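Presented below is the structure to which this report refers.
Residue numbers (this note's numbering): 58 to 200.
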């Protein structure tokens, strides 16, 4: 299996990837009980020599739910009945996740509320205030 080329020009070497297979869950009759079609792809981040420390920490942070204790990213696929197709899909998912993690985060552009949004907010506050005022105990003249 060849190396994975990312659209940014970076390459994930085949030596950094390992595969495990297991029986997939869900419907499928007898076939699902006999064949290991589910594929787990493990990417060892320590073998990606071209990653800078900043890129490595960016990937680990954005994919923190997929990174295990050994620093490997786990992606699994059991969508298809074929192990080969699940392997291809898992590799595509892995490449997509790495590319998304390395994209710089776009800065938020601050916006101001429109005049109609302000009016609606104030109107809603007025209605809520009247509703709550109706819940209060009425004031008597004795107090």
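Each residue gets a CB set at the ideal place from its N, CA and C atoms; glycine is no exception.
Owing to the predicted nature of the structure, the values given are computational and were not obtained by experimental measurement.
Through-space distance from residue j to residue i, alpha-carbon basis
| i | j | result |
| --- | --- | --- |
| residue 80 | residue 184 | 58 Å |
| residue 179 | residue 102 | 52 Å |
| residue 99 | residue 78 | 11 Å |
| residue 105 | residue 61 | 12 Å |
| residue 120 | residue 191 | 51 Å |
Counted within 10 angstroms of its Cβ, other Cβ atoms place residue i as buried (16 or more) or exposed
| i | result |
| --- | --- |
| residue 143 | buried |
| residue 186 | exposed |
| residue 64 | exposed |
| residue 73 | buried |
| residue 95 | buried |
Under the three-state DSSP convention, the category residue i falls into
| i | result |
| --- | --- |
| residue 133 | strand |
| residue 185 | helix |
| residue 168 | coil |
| residue 103 | helix |
| residue 77 | strand |
Any non-hydrogen atom of the ligand ATP closer than 8 Å to residue i Cβ
| i | result |
| --- | --- |
| residue 106 | The ligand ATP is absent from the structure shown, which contains no ligands of any kind. |
Cβ distance (whole Å) where residue i is taken to contact residue j below 8 Å
| i | j | result |
| --- | --- | --- |
| residue 93 | residue 135 | Wrong, their Cβ atoms sit about 10 Å apart, outside the cutoff. |
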